[in-house]
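Working notes, beginning with the structure itself.
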Amino acid sequence: MVVVLAFALTLLVAVLISARAKVTAISIPVLFVLTGFAIGPGMMNFIDLEPETPGIILFVELALFSVLLVDGLHIGLDKVKEVWQLPSRVLIIGLPLTIGVTAVLGHFILNLSWVQALLIAAILSPTDPVFASAIVNRQEVPASLRRLLNLESGLNDGLALPIVLTLLAVVGVEAFQLPHWLLEVGWGVGLGVLLPWVILRLEGSRIFKSSHIYTPILLITIGLLLYSIGRMSNANLFLAAFAAGITIATLNDQLRQAFKPLGEVVAELLKLAALLVFGALLSVHFLEDLTWLEVIFAFSVLLLARPLAVILALRGTRFRTSEYLAAAWFGPRGFASVVYGLYLFTSGVPDAGVLFHIISTVIIISIVAHSSTDVLIVQWFSRQNKQSEREEKVPQEKRPKSEKTQTPGEKEHKPA
Numbered sequence: 003m004v005v006v007l008a009f010a011l012t013l014l015v016a017v018l019i020s021a022r023a024k025v026t027a028i029s030i031p032v033l034f035v036l037t038g039f040a041i042g043p044g045m046m047n048f049i050d051l052e053p054e055t056p057g058i059i060l061f062v063e064l065a066l067f068s069v070l071l072v073d074g075l076h077i078g079l080d081k082v083k084e085v086w087q088l089p090s091r092v093l094i095i096g097l098p099l100t101i102g103v104t105a106v107l108g109h110f111i112l113n114l115s116w117v118q119a120l121l122i123a124a125i126l127s128p129t130d131p132v133f134a135s136a137i138v139n140r141q142e143v144p145a146s147l148r149r150l151l152n153l154e155s156g157l158n159d160g161l162a163l164p165i166v167l168t169l170l171a172v173v174g175v176e177a178f179q180l181p182h183w184l185l186e187v188g189w190g191v192g193l194g195v196l197l198p199w200v201i202l203r204l205e206g207s208r209i210f211k212s213s214h215i216y217t218p219i220l221l222i223t224i225g226l227l228l229y230s231i232g233r234m235s236n237a238n239l240f241l242a243a244f245a246a247g248i249t250i251a252t253l254n255d256q257l258r259q260a261f262k263p264l265g266e267v268v269a270e271l272l273k274l275a276a277l278l279v280f281g282a283l284l285s286v287h288f289l290e291d292l293t294w295l296e297v298i299f300a301f302s303v304l305l306l307a308r309p310l311a312v313i314l315a316l317r318g319t320r321f322r323t324s325e326y327l328a329a330a331w332f333g334p335r336g337f338a339s340v341v342y343g344l345y346l347f348t349s350g351v352p353d354a355g356v357l358f359h360i361i362s363t364v365i366i367i368s369i370v371a372h373s374s375t376d377v378l379i380v381q382w383f384s385r386q387n388k389q390s391e392r393e394e395k396v397p398q399e400k401r402p403k404s405e406k407t408q409t410p411g412e413k414e415h416k417p418a
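First residue of the sequence shown: 3, per the numbering used here; consecutive thereafter.
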């Protein structure tokens with residue numbers, strides 16, 4: 003009960019400072035991580051969680067699933083067709099480059115074996131849709147950049163999972179089966195498209211029709227069915243969630259609009275609760291075991307691996323310099339990396355605790371850095387937009403005569 007009280011009080015503080023947090027560097031996610039750390043072992047000892055605690059992975063996994071489903075609702079298939087080129091470049095070129103550069107950094111800075119370095123790199127490769135939402139939901143940010151970050155963060159979680167599972171099988175005790183992982187990815191996308199399509203067809207038929215009150219509940223039902231069927235059939239849950247969101251947004255905009263307010267609230271609550279749980283997993287021993295090499299590695303990943311990969315992937319596109327820099331910097335690590343990091347303990351990986359400590363260090367520094375700079379990025383673009391508007395509103399009379407526009411009936415005077 004003390005944990006519920008701590009969450010409720012932190013939630014109250016978050017609500018009271020939320021307006022100020024939108025325009026300052028105050029970070030609500032950091033607040034929940036710190037609360038979890040404070041009530042965890044070694045501090046107040048109100049909650050004693052370990053990575054192996056039953057239900058931890060399921061809860062964090064469900065939170066990420068919900069966030070991806072809601073994120074997918076913001077993007078219909080028509081929008082995907084319009085902007086697929088940039089996200090595909092970041093995913094096809096940028097994701098492998100990010101893994102490669104991070105693995106090199108892990109091998110030489112932390113003296114990890116190449117397999118361990120690749121495993122950590124794959125776990126840290128997904129960007130987080132939770133923290134990306136701080137950018138993609140702000141109209142001040144260019145639409146092309148918002149769609150890029152939204153699609154990238156929604157898809158790379160699921161695309162990185164087969165790589166993570168493959169490396170877990172190599173390092174751990176399970177045998178690697180390539181057809182199994184390929185089937186998991188394909189079935190995840192297929193289930194995410196097929197299940198909502200069937201249910202929406204039923205709801206739109208002459209026999210069945212949902213009432214106004216029950217319409218938002220329909221999407222919750224789809225989500226619960228998708229999660230349970232996906233888990234029972236070993237589908238890629240994260241690709242299934244994002245694909246389902248896109249499918250619903252494409253087929254039924256009315257349902258999307260009806261669910262959007264409720265869905266965003268539910269996803270936000272699960273996100274904040276999961277951040278508190280993550281903070282509780284970090285005891286005071288985490289700080290005692292922290293090394294300078296881990297900190298150097300974390301900053302190298304954030305300042306070198308992601309920016310280098312994105313700049314190379316987007317080379318030759320029509321992005322402005324400001325959009326290049328924002329896309330290169332804003333690759334926050336979070337939920338997906340926490341979930342995949344917890345898989346270390348269920349896969350029989352040697353030195354799982356050491357590897358999870360490294361991963362957690364990167365995640366914490368990323369959460370602090372990215373959730374504190376998202377407002378600065380929005381303000382940067384806001385100033386650029388205002389500057390552009392001022393330039394467009396230059397009074398006609400202040401322009402050179404040669405730039406004035408002729409009226410349709412006005413003839414050009416030519417000297418004799």
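For each residue, glycine too, the CB sits at the ideal point set by N, CA and C.
Values in this document were obtained by computation on a predicted structure and should not be read as measured data.
Rounded C-alpha distance that separates residue i from residue j
i: VAL59; j: PHE34; result: Looking at the sequence itself, residue 59 is Ile, so the reference to Val does not match. Straight-line Cα distance between these residues: approximately 18 Å.
i: ARG335; j: PHE301; result: 12 Å
i: ASN139; j: PRO218; result: 21 Å
i: ALA251; j: LEU71; result: 10 Å
i: ILE313; j: ALA330; result: 6 Å
i: ILE137; j: GLY38; result: 25 Å
i: GLU412; j: ASN254; result: Its pLDDT being 48, under 50, GLU412 is placed unreliably by the model, and the measurement read from it follows with that caveat. Cα to Cα, GLU412 sits roughly 52 Å from ASN254.
i: PRO1; j: VAL279; result: An answer regarding residue 1 cannot be provided, because it is not within the stretch 3 to 418 covered by the chain.
i: ILE248; j: LEU75; result: 5 Å
i: GLN256; j: ARG203; result: 14 Å
i: GLU399; j: LYS388; result: Bear in mind that a pLDDT of 48 at GLU399, under 50, signals an unreliable position, so the model cannot answer this.
i: PRO263; j: ASN113; result: 47 Å
i: TRP86; j: LYS395; result: 34 Å
i: LYS24; j: LEU378; result: 10 Å
i: PRO53; j: GLU391; result: 52 Å
i: LEU18; j: GLY225; result: 30 Å
i: SER285; j: TRP199; result: 45 Å
i: ILE28; j: ILE366; result: 15 Å
i: LEU51; j: PRO43; result: 8 Å
i: GLN259; j: ASN47; result: 43 Å
i: SER362; j: GLU393; result: 46 Å
i: SER20; j: LEU14; result: 10 Å
i: ARG22; j: ALA16; result: 10 Å
i: LEU88; j: ILE201; result: 32 Å
i: LEU11; j: VAL380; result: 29 Å
i: GLU266; j: LEU147; result: 21 Å
i: GLN141; j: ASN152; result: 13 Å
i: THR409; j: SER324; result: Here the model assigns THR409 a pLDDT of 47, short of 50, so the residue's position is not dependable, and the following value carries that caveat. Cα-Cα distance, rounded: 38 Å.
i: PHE261; j: GLN118; result: 42 Å
i: THR223; j: SER230; result: 11 Å
i: ARG233; j: GLU186; result: 11 Å
i: LEU227; j: LEU305; result: 40 Å
i: ALA145; j: PHE383; result: 11 Å
Pick from the options that is closest to residue i, judged by C-alpha positions
i: TRP116; options: VAL172, LEU163 and TYR342; result: VAL172
i: ALA162; options: LEU151, LEU126, ILE137 and ASN47; result: LEU126
i: ALA357; options: ILE122, VAL4 and LEU170; result: The question names Ala, but residue 357 in the sequence shown is Leu. Among ILE122, VAL4 and LEU170, the Cα nearest to that of LEU357 belongs to ILE122.
i: ALA307; options: PHE261, ALA124 and GLN118; result: ALA124
i: GLY57; options: SER362, TYR345 and ALA245; result: TYR345
i: GLY192; options: LEU169, PHE240, SER146 and SER90; result: PHE240
i: MET45; options: LEU283, LEU227, ALA260 and PRO144; result: LEU283
i: LEU196; options: ALA242, LEU220, GLN259 and SER146; result: ALA242
i: TYR342; options: LEU99, LEU169, ARG22 and VAL32; result: LEU169
i: ILE165; options: LEU120, ILE201, PRO198 and ASP130; result: LEU120
i: ILE94; options: PRO128, ASP376, ASP291 and ASN236; result: PRO128
i: LEU167; options: LEU36, SER339 and ALA328; result: SER339
i: LEU36; options: LEU184, ASP291, SER384 and GLY281; result: GLY281
i: SER235; options: TRP382, GLY188 and VAL5; result: GLY188
Whole-number beta carbon distance between residue j and residue i, since they are thought to touch under 8 Å
i: ALA8; j: ILE41; result: 5 Å
i: GLY206; j: ASN238; result: Between ASN238 and GLY206 the Cβ distance is about 28 Å, and since that is not below 8 Å, they are no contact.
i: PHE61; j: ALA245; result: Not confirmed; about 22 Å, so no contact.
i: VAL92; j: LEU316; result: 7 Å
i: PHE288; j: ILE360; result: At roughly 11 Å, the Cβ-Cβ gap does not stay under 8 Å, so PHE288 and ILE360 are not in contact.
i: PHE337; j: ASP130; result: 6 Å
i: ALA311; j: LEU99; result: 4 Å
i: ILE49; j: VAL5; result: 5 Å
Check your understanding: For the 8 Å Cβ check, are there 3 or more pairs between the segment 109-117 and the segment 310-324?
Key -> no
Check your understanding: Counting only runs that start and end within the segment 177-213, where is the alpha helix (DSSP H) found for 4 or more residues in a row?
Key -> 180-205
Review point. Would you call the segment 287-296 and the segment 96-104 touching, i.e. three or more CB-CB distances under 8 Å?
Key: no
Check your understanding: Touch check for the segment 57-77 and the segment 265-274: three-plus C-beta pairs under 8 Å?
Key -> yes
**Study point:** the segment 213-228 touching the segment 143-160, judged by at least three CB pairs closer than 8 Å
**Key:** no
Point to revise | Inside the segment 213-262 only - alpha helix (DSSP H) runs reaching at least 4 residues | key: 217-234 and 239-253
Point to revise | Every unbroken alpha helix (DSSP H) inside the segment 254-340 [4 residues or more] | key: 255-283, 286-290, 294-302, 308-315 and 323-331
Check your understanding: Could you give the uninterrupted runs of the alpha helix (DSSP H) lying entirely in the segment 97-131, keeping only those of 4 residues or more?
Key -> 97-111 and 116-126
Check your understanding: Which runs of the beta strand (DSSP E) fall wholly inside the segment 348-399 and span at least 3 residues, in chain order?
Key -> none
Exercise for review: Would you check if there are 3 or more beta carbon pairs closer than 8 Å linking the segment 369-385 to the segment 345-354?
Suggested key: no
Point to revise | 3-residue-minimum beta strand (DSSP E) runs that sit fully inside the segment 20-48, ordered along the chain | key: none
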